[in-house]
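*Asks:* What the sequence shown shows, in the working numbering, is residues 47 to 424, in sequence order.
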Amino acid sequence: MEQHSHGAGIPLQIRSERPKSTKVADFAPITIRDEQWRYLPVERLKGLDADDLSEYLGDLQFDGATAITTEWIGSDHPLFGAAGTPEDRTSAAAWESTDAAYLITVPAGPGEQAVLTVNSDDLTPSALHIVIESKLHAKGTVVIDHRGNGILAENIEILVGDESDLTVISIQDWNAGSVHTSAQFAKLGRNAHLKHVVVSFGGDTVRVTPSIYFAGPGASVDLFGVYFADANQHLEHRPFVDHSQPNCKSRVTYKGALQGDKAHTVWVGDVLIRKEAEGTDTYELNRNLLLTDGARADSVPNLEIETGQIEGAGHASASGRFDDEHLFYLQARGINELEARRLVVKGFLNEIVQQIGIESIEDRLNKSIEDELKRSVK
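#1: Could you pull the DSSP bridge partners for Y442 from this structure?
#2: When the distance is taken between beta carbons, is T227 closer than 8 Å to L94?
#3: Under 8 Å Cβ to Cβ from S137, same chain only, skipping five residues before and after it: list those, please.
#4: Which of the three DSSP states, helix, strand or coil, is assigned to A265?
#5: Check whether the Cβ atoms of Q401 and F247 lie closer than 8 Å to each other.
#6: Which ranges does the beta strand (DSSP E) cover as unbroken runs of at least 3 residues, wholly within the region 337 to 423, from first to last along the chain?
#7: Within the chosen definition, does the region 158 to 166 reach the region 61 to 78 through at least 3 CB pairs nearer than 8 Å?
#8: Identify which residue in S414, T299, Y148, E101 has its Cα closest to the Cα of K241.
#9: Within the 8 Å Cβ cut-off, does N195 reach chain B?
#10: Drop a sphere of 10 angstroms on the beta-carbon of D417, count the other beta-carbons inside from all chains shown, and report buried for 16 or more, exposed for fewer.
#11: For L162, name the three-state secondary structure that DSSP assigns.
#12: Can you find the residues in the same chain that come closer than 6 Å, C-beta to C-beta, to K181, ignoring five residues on each side of it along the sequence?
#13: Which value, in whole angstroms, describes the spacing of the CA atoms of Q305 and K321?
#14: Cβ of E416 versus every heavy atom of the ligand NAP: is any distance shorter than 7 Å?
#15: Is the beta carbon of H175 sitting closer than 8 Å to the one on A140?
#16: Determine the DSSP secondary structure at D72, reduced to helix, strand or coil.
#17: Per DSSP, which one or two residues make a beta bridge with Q107?
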């Protein structure tokens, strides 16, 4: 088994000083000497590091409540770029390579659900831009379900209106051979709440970078992530929470399982508490369960605090084998070791899966977990 890494040897980089630009030329070519890319060999990107990408031409299928509307908007629309700005080369390349964005609008009123399926069958390096906006007092759930075969660089902007409650779920369930980088920017208004769930099971290489910004006081965000990596699969998640408003709250909880030779997961969790963000309450957690030899989990929590006037701030990360106490507890009640191991893994990951709140999707993901366990827990 590869050793769990806490990021030893990473050069110090203040997150607040990281450059931002919509121009790909402002970012140097990707190398492992860059902290942002130190875990991901550039050859795994299969061309997503190029200056120019093709616009996404795959299928976009929208299913959901009629109250939630969709339309294409141009890059000159005021909502295009309203949530954030690229911080890496693939995000900037996708930004410059798209002239339009797919806008999903959640209106005020009771909670509605909608699913946007991004179903590609094209291995040309391509770019896609999605904007999700929830209006004042809105409540709703939007699922972005990535499937099929693709090499995709993507930007997703999430604008959470004042007093609104929005859930956004990003599922990466690609076929083998696919590569996906997704920069996701969320901006929260006054007293707004966002639940953001990332699910990464499929694809050869997946890199999701959610960045959360507060535009008003009293807002809160819950970031959840669940992932399952197989042999030669690379799944990377880099959540960032930028506390710049007073009395805001954030919770980050990511869990993953790994099996097979050269299965590799990366979690880098950054939290920045600026001097004006008094009353901040934040905590981030990452747990990884290594099921076989040859797997590697890198887990790096980072916390940068510029004010002492906060409610609380902390982080934790750990990776390891099965919990012997849990196995003993189950076996003592007549459950054989094989089934006990499966139950431990399912329970470990289901804490995140059940946050989705849509039964059909939860059932599908639980079946995927069952299928994975049939290959490893024997």
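All C-beta atoms in this analysis are idealised placements derived from N, C-alpha and C, irrespective of residue type, glycine included.
*Replies:* Reading it off the structure:
#1: Absent from the structure is residue 442, since the part of the chain shown begins at 47 and ends at 424.
#2: Residue numbering aside, residue 94 sits at position 48 when the sequence shown is read from its first letter. Residue numbering aside, residue 227 sits at position 181 when the sequence shown is read from its first letter. Contact flag set, yes.
#3: Walking along the sequence shown from the start, residue 137 turns up at place 91. Annotation for S137: A199, N201, T227, A229, T255 place their beta carbon closer than 8 Å to its own, counting only its chain and skipping 5 residues before and after.
#4: The residue labelled residue 265 in the question sits at position 219 within the sequence shown. Three-state result, A265: coil.
#5: The count along the sequence shown starts at 1 and reaches residue 401 at position 355. The count along the sequence shown starts at 1 and reaches residue 247 at position 201. In this structure, F247 does not lie closer than 8 Å to Q401 by Cβ.
#6: Complete beta strand (DSSP E) runs here, min 3: 342 to 351, 358 to 366.
#7: no
#8: Numbered from its first residue, the sequence shown carries residue 241 at position 195. K241 has its Cα closest to that of T299, out of S414, T299, Y148, E101.
#9: Here chain B cannot be found, since the structure has a single protein chain.
#10: Walking along the sequence shown from the start, residue 417 turns up at place 371. The residue in question, D417, is exposed, as its Cβ has fewer than 16 Cβ neighbours within 10 Å.
#11: Here the question's residue 162 lines up with position 116 in the sequence shown. Residue state, collapsed to three classes: strand.
#12: Looking up residue 181 in the sequence shown gives position 135. Cβ neighbours of K181 beyond the five flanking positions: P153, A154, G207.
#13: What you label residue 305 is simply residue 259 of the sequence shown in a count that begins at 1. What you label residue 321 is simply residue 275 of the sequence shown in a count that begins at 1. Distance between the alpha carbons of Q305 and K321: 42 Å.
#14: Summarising the ligand content, the structure contains no ligands, and the ligand NAP is consequently not present.
#15: As a position in the sequence shown, residue 175 is number 129, starting the count at 1. As a position in the sequence shown, residue 140 is number 94, starting the count at 1. Contact flag set, yes.
#16: Position 26 of the sequence shown, counting from 1, holds the residue named residue 72. Looking at D72 - three-state DSSP - the assignment turns out to be helix.
#17: Against the sequence shown, residue 107 aligns to sequence position 61. DSSP output for Q107 lists T163 as bridge partner(s).
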